[in-house]
Structures are given as C-alpha cells and as structure tokens.
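Chemist:
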Amino acid sequence: MVSADAARNVVGIIGNVISFGLFLSPTPVFWRIIKAKDVEEFKPDPYLATLLNCMLWVFYGLPIVHPNSILVVTINGIGLVIEGSYLIIFFLYSTNNKRVRVLAAEAAFMVAVVLGVLLGAHTHEKRSMIVGILCVIFGTIMYASPLTIMGKVIKTKSVEYMPFTLSLVNFLNGCCWLAYALIKFDLYVTIPNGLGAFFGLMQLILYGCYYKRTPKEEKSVELPTSNPAGAGNVSVTVDR
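The structure is reproduced here in structure tokens:
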C-alpha cells in the first residue's frame, strides 16, 4: 500500500512539472520585448505580484517555518528565478521604471516578514500560521484575477481572450496542488488552490458555452493565468 508521504511526493512532483510550464508561459511576451527592445503596452504588475507570492511560499515551505514542504520550496524557488528574469528584461527595456519602487517595497516587506516571524514566533505552528495567512491573503487576491477575463467572456460572448489550453492547465494545476494539500491536510495550501481549481473549472464551463460563437481570428492578447501553491498570476501572449 502506498504511504501518504509517497503519494504526496508523487502529486507534488507532478504539480512542479505543471507549474514550471505555467511559469514559462510568458516567455513569448519577453522574447517579443527583447526583439522589439520595447515593452510596448505590457505591464510588469503580474510579474511583481507573482514574485511576491513566490517569496512568501518559499519562506512558508522552509523547514524552519513549515517542515516537510520541500516541493513547495522547489517550484516557488524556480518561480523566483524566472519571475526575477522577466522583471530584469522588462526594466532593461522600459523607459518608465516607477515600478522599481514597488519591487523595493516588496523586498522590504519580505525582510520585515522574515525578521518578524523568526524573532517573534518560536514554534513551527505559529510560524506556519502567520506566513500561511499571508500566503492565503495574497494568493486569494491574485486567484481572483480570472474574474476579470471571465466577465469579459460573458459580456462579449466570446472566448477570444481565454484560450482553452491555458484554462485547462490552470484547472489541472489547481487540482494537483489541492490534492497535494489534502493528502496531508495543509489549510494554507488548500484554500488558494481550491479557489484556483474552482476558477479554472468555471473558465472551462464558460469555454464550453461560448467557444462556437468566437470568430476565428489571429490576435495577440495578454491573459492572466494562475500559478502554483497560490503563487499568483502571469501574463502570456496567445495567438488565436
């Protein structure tokens, strides 16, 4: 019989693979920026948000905060590197770098969180609770972003800006990390990924309702997507 730990590890590894693909999904956007040497109308906000979420989840998964969560650390650590690379590219080619102050504020916030938790909370339970609540708050805010694109689909009766593949992968990603959290119950991973799975399912239902009404045109659009373990949202360019 497979142990709970073994099953959790398998599900977590699958989640890492799916999440890695989601982290890489904005690559066409940044390849376009590099070729054009211009950020055009793209905004860094989704990547700044994802970076903060990755930092919080990496801290949450460390043994000093929440033991036995190494797979949360690995994928969000990878996410930190990828999102940091995106932001470096963005700021290199942007003429308006006011958002750098946001990045500095995020770094200061994380330093404050780390110092506050390590110096003020002396048990794994208290540390997990404090950091977990922060992860849930920020993750829930960012998991709500699909509501915007879902509202657009309902208003226009078209899935032009909500590609099926990304909706499906987001749904699978949410389900995978939800299963990971439920095998050995982790409330703080369960809540944001439960929401991610729910919103992913709603996107698929909307797609089924409206895809036949969508004109077959080639468009370059920016679409928010969900990320692992409440890690936030990124944007991708998709051709239809």
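Counting in my numbering, the sequence shown runs from 1492 upward without gaps. Note that beta-carbon positions come from the ideal geometry of N, C-alpha and C, so glycine has one too.
Just verifying my parser: in three-state terms, what is the DSSP assignment at residue 1653?
Modeler: Residue 1653 sits at position 162 when you count from the first residue of the sequence shown. In the structure shown, residue 1653 sits in coil (DSSP, three-state: anything other than H, G, I, E or B).
Chemist: Report, in whole angstroms, the separation of the C-beta atoms of residue 1570 and residue 1629, which I expect to be a contact under 8 Å.
Modeler: On the sequence shown, residue 1570 is found 79 positions in, with the first residue counted as 1. On the sequence shown, residue 1629 is found 138 positions in, with the first residue counted as 1. With 8 Å as the limit, residue 1570 and residue 1629 do not qualify as a contact, their Cβ atoms being about 14 Å apart.
Chemist: Identify whether residue 1616 lies in helix, strand or coil by the three-state DSSP scheme.
Modeler: Position 125 of the sequence shown, counted from the first residue, corresponds to residue 1616. Reduced to three states, the DSSP call for residue 1616 is helix.
Chemist: So what does DSSP say about residue 1511, is it helix, strand or coil?
Modeler: As a first step, residue 1511 is located in the sequence shown; it is residue number 20 there, counting from the start. In this structure, residue 1511 counts as helix in the three-state DSSP scheme.
Chemist: Please report the residue range of the alpha helix (DSSP H) in which residue 1523 lies.
Modeler: Translated into the one-based positions of the sequence shown, residue 1523 becomes position 32. Taken as a continuous stretch (DSSP letters only), the alpha helix (DSSP H) holding residue 1523 covers 1518 to 1527.
Chemist: Quick one: is residue 1554 buried, meaning 16 or more other Cβ sit within 10 Å of its Cβ, or exposed?
Modeler: The count along the sequence shown starts at 1 and reaches residue 1554 at position 63. It is exposed - the Cβ of residue 1554 has fewer than 16 other Cβ atoms within 10 Å.
Chemist: Apply the 10 Å Cβ neighbour rule to residue 1777 and answer buried if 16 or more other Cβ atoms are within range, or exposed otherwise.
Modeler: Here the chain has residues from 1492 to 1731 only, and residue 1777 is not among them.
Chemist: In this structure, does DSSP put residue 1540 in helix, strand or coil?
Modeler: As a first step, residue 1540 must be located in the sequence shown, where it is residue number 49. Three-state DSSP puts residue 1540 in a helix.
Chemist: Do residue 1627 and residue 1558 have their C-beta atoms closer together than 8 Å?
Modeler: As a working note, residue 1627 is residue 136 in the sequence shown. As a working note, residue 1558 is residue 67 in the sequence shown. It is not a contact, given that the beta carbons lie outside the stated cut-off.
Chemist: Quick test of your reading: residue 1524 and residue 1561, contact by CB under 8 Å. State the CB separation rounded to the nearest angstrom.
Modeler: Within the sequence shown, numbered from 1, the residue matching residue 1524 stands at position 33. Within the sequence shown, numbered from 1, the residue matching residue 1561 stands at position 70. Between residue 1524 and residue 1561, the beta carbon gap of about 34 Å keeps them out of contact (Cβ cut-off 8 Å).
Chemist: Residue 1556 and residue 1622 look like a contact to me (Cβ under 8 Å); what is the Cβ gap, rounded to whole Å?
Modeler: For this step, residue 1556 is matched to residue 65 along the sequence shown. For this step, residue 1622 is matched to residue 131 along the sequence shown. That pair is a contact at about 6 Å.
Chemist: Please go through the same chain and pick out, in chain order, the residues whose beta-carbon is closer than 8 Å to the beta-carbon of residue 1697, but skip the five residues on each side of it.
Modeler: Mapped onto the sequence shown, residue 1697 falls at position 206. The beta carbon of residue 1697 is closer than 8 Å to those of 1641, 1644, 1645, 1650 and 1653 in its chain, skipping five residues each way along the sequence.
Chemist: Where does the unbroken alpha helix (DSSP H) through residue 1553 begin, and where does it stop?
Modeler: Counting from 1 along the sequence shown, the entry for residue 1553 is found at position 62. From DSSP, residue 1553 is part of no alpha helix (DSSP H); its letter is neither H nor E.
Chemist: Please report the straight-line C-alpha distance between residue 1502 and residue 1528, rounded to a whole angstrom.
Modeler: Against the sequence shown, residue 1502 aligns to sequence position 11. Against the sequence shown, residue 1528 aligns to sequence position 37. Looking at the two C-alpha atoms, the distance is approximately 40 Å.
Chemist: Using CA atoms only, rank isn't needed, just tell me which of 1672, 1701, 1542 and 1567 is closest to residue 1688.
Modeler: As a working mapping, residue 1688 is identified with position 197 in the sequence shown. When only C-alpha atoms are compared, the closest one is 1672.
Chemist: Since residue 1517 contacts residue 1578 with CB under 8 Å, what's their CB separation in whole angstroms?
Modeler: Here residue 1517 refers to the residue found at position 26 of the sequence shown. Here residue 1578 refers to the residue found at position 87 of the sequence shown. The Cβ separation is near 11 Å, so there is no contact.
Chemist: Of all the options 1512, 1566, 1499 and 1538, which has the alpha carbon lying nearest to the alpha carbon of residue 1633?
Modeler: Sequence index remark: in the sequence shown, residue 1633 carries index 142 (1-based). Here the closest residue by C-alpha is 1538.
Chemist: By the three-class DSSP mapping on this structure, what secondary structure does residue 1683 have?
Modeler: Residue numbering aside, residue 1683 sits at position 192 when the sequence shown is read from its first letter. Three-state DSSP puts residue 1683 in a helix.
Chemist: Quick one: residues in its chain with C-beta nearer than 7 Å to the C-beta of residue 1736, no 5 flanking neighbours on either side, listed in chain order?
Modeler: The first residue shown for the chain is 1492 and the last is 1731, placing residue 1736 beyond what the model contains.
Chemist: Could you check where the alpha helix (DSSP H) with residue 1567 kicks off and where it finishes?
Modeler: One-based indexing of the sequence shown puts residue 1567 at position 76. Counting along the chain, the alpha helix (DSSP H) containing residue 1567 begins and ends at 1561 to 1583.
Chemist: Which term fits residue 1587, buried or exposed, when burial requires 16 or more other beta carbons within 10 angstroms of its beta carbon?
Modeler: Numbered from 1 along the sequence shown, position 96 holds the residue referred to as residue 1587. So residue 1587 ends up on the exposed side.
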